[in-house]
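Okay, so here's the structure we're looking at.
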């Protein structure tokens, strides 16, 4: 597989959510996967309304009600990409199954890659991160809210102890394994 042309090998553009708690590397892995596939990357955090950003910046965990409109906005972008036949990589925590189900409502074929790792590594990354409104103090609330994808969800599990580029390559290989390659013409 050529790293510069893998998207052409997929039978059709896909939509995939890179999910996990804050600090797991959703943006890094998502951007790397988008570069490998040539698909657009959507940073879910950019769709949070100002009230949600203010709550998180103040150290207040979001509720299901706080997240509903944000998830609807992301689902709208996923649905638009699906209707247009476009590939899309989305960075979104998608912590609970009902959140993932809400996103799947926009695209029944939506895939999830769950980034997970040791709490200490997550905390270290959050402590080192600059210019983001999500404080490290909210990590435990995210871990408490996390419902890892069940076996019936068919999500890819990726350990954040590996470099983002390797995780993106593994995600691409997984997508290729799920969808037959197109015949060379």
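Residue numbers (my numbering): 2 to 186. Backbone N, C-alpha and C fix where the C-beta goes; we use that ideal spot for every residue, glycine too. Computed from a predicted model, the values in this text were never measured in an experiment.
- Counting C-beta pairs closer than 8 Å gives three or more between the segment 80-100 and the segment 143-163, which meets the contact rule.
- Counting only unbroken stretches of 3 or more residues, the beta strand (DSSP E) elements lying wholly within the segment 17-77 are 41-44, in sequence order.
- Residue 38 counts as buried, since no fewer than 16 other beta carbons sit within 10 angstroms of its beta carbon.
- When DSSP states are grouped into helix, strand and coil, residue 160 belongs to the strand group.
- For residue 116, no alpha helix (DSSP H) run applies; the uninterrupted beta strand (DSSP E) run containing it begins and ends at 112-117, by DSSP.
- In the DSSP assignment, residue 122 falls within the unbroken alpha helix (DSSP H) covering 120-129.
- When secondary structure is reduced to three states using DSSP, residue 80 falls in the helix class.
- For residue 96, the secondary structure class from DSSP, reduced to helix, strand or coil, is coil.
- In summary, residue 46 is buried, with 16 or more beta-carbon neighbours lying within 10 Å of its beta-carbon over all protein chains present.
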